[in-house]
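Take a look at the structure set out below.
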Amino acid sequence: MMFSSLSFGAPNIPSIYWRTSPLSPPFSSRNDVLSLVPPGFQQQQQQRILVEFDLFVDLLCSDSAAWWTSVFSQLDSYYFSNATSSAPIRFNLYLLPLPYHTASYLGSMTYVGVNRYTNYDQRVLKQIVNSFFTNQTPLYNNIVNAMTQPQIMNLIYSNNIKSLNIIPQQAYLKLMNDPSIDMRTRTLFKLSTATGVFATPSFYVNKVPVQNGEDFSVQDWISYFNQILSSSY
């Protein structure tokens, strides 16, 4: 059984896990979202965020990986890892584990569980996303469809987590069997779908969907943000 079916109240799942309203429980105060602002902005508390850039991805989506490793990596260098940047921009990463990617839900649980284990360290969370997006192939359906869930969990650990040296394997497996981690992961899924997202990657700027954002170059995004910033001052 695919974990992604948990989101739909599959009949063989104990009712305690699926008897929830569309967006409950409360969304963990954004703790499970990778939120980045330019380093210089953090030193200027009097400023306010003028551009809220929301990205919705599936950790097993090849299109999400292509965008992250090409466009986002450059935006990250330009804004979020650039000590001289003080642009009032916040980047928020949300997960939408698509049900036709067998390992995607367990990948999202990994993101949530390790995030909690490391006390919501945004640096570590970015490392986890990088690890999935640069090493997806061993988790593709043609490899994992014949595996059990414990086998997929162990594969994710060895393929994407072990080399980061952030959590022992037994602690990782314990988190992956924690109902509260499952609940938080399903809440991420529900948040994405309630926003209207149905494909990945999807982009929103100040809560407005950006059509064809996947086709934007780095310079297109910078120009797009600059237009908003210039009209906000």
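Under my numbering, the residues of the sequence shown are numbered 188 to 420, in order.
Quick reminder that beta carbons are idealized off the backbone N, C-alpha and C, glycines included.
Computed from a predicted model, the values in this text were never measured in an experiment.
Can you name the residues that DSSP bridges to residue i?
{"i": "Asp241", "result": "Asn279 and Tyr391"}
{"i": "Ser222", "result": "Asn279"}
{"i": "Pro396", "result": "Tyr391"}
Starting from residue i, follow the alpha helix (DSSP H) in both directions and report where the run begins and ends.
{"i": "Ser251", "result": "Ser249 to Trp254"}
{"i": "Leu362", "result": "Gln356 to Met363"}
{"i": "Ile353", "result": "Element bounds for Ile353: n/a, residue is neither H nor E."}
{"i": "Ile330", "result": "Asn328 to Val331"}
Considering only their Cβ atoms, is the gap separating residue j from residue i smaller than 8 Å?
{"i": "Ile353", "j": "Val238", "result": "no"}
{"i": "Val301", "j": "Ile348", "result": "yes"}
{"i": "Pro225", "j": "Phe259", "result": "no"}
{"i": "Ile343", "j": "Leu282", "result": "no"}
{"i": "Leu326", "j": "Asn346", "result": "yes"}
{"i": "Leu351", "j": "Gln314", "result": "yes"}
{"i": "Arg277", "j": "Ser222", "result": "yes"}
{"i": "Leu262", "j": "Val405", "result": "yes"}
{"i": "Thr387", "j": "Ser251", "result": "yes"}
{"i": "Gly227", "j": "Ser264", "result": "no"}
{"i": "Gln338", "j": "Leu247", "result": "no"}
{"i": "Thr256", "j": "Thr305", "result": "no"}
{"i": "Phe240", "j": "Asn269", "result": "no"}
{"i": "Leu299", "j": "Asp245", "result": "Strictly speaking, residue 299 in this sequence is Val, with Leu absent from that position. Cβ atoms of Val299 and Asp245: not closer than 8 Å."}
{"i": "Gln230", "j": "Pro275", "result": "no"}
Put residue i into one of helix, strand or coil per three-state DSSP.
{"i": "Gly383", "result": "coil"}
{"i": "Phe259", "result": "helix"}
{"i": "Thr372", "result": "helix"}
{"i": "Phe403", "result": "coil"}
{"i": "Leu246", "result": "coil"}
{"i": "Leu342", "result": "helix"}
{"i": "Tyr411", "result": "helix"}
{"i": "Leu285", "result": "coil"}
{"i": "Thr271", "result": "coil"}
{"i": "Thr335", "result": "coil"}
{"i": "Gln229", "result": "helix"}
{"i": "Tyr292", "result": "helix"}
{"i": "Pro209", "result": "Note on Pro209: pLDDT 43, under 50, position unreliable in the model; the coordinate value appears next. In the structure shown, Pro209 sits in coil (DSSP, three-state: anything other than H, G, I, E or B)."}
{"i": "Ser216", "result": "With a pLDDT of 46 at Ser216, under the threshold of 50, the predicted position of this residue should be treated as unreliable, though the coordinate-derived value follows. Ser216 falls in the helix class under three-state DSSP."}
* **Whole beta strand (DSSP E) elements within the segment 294-322, 3-residue minimum** => Within the segment 294-322, not a single complete beta strand (DSSP E) segment reaches 3 residues in length.
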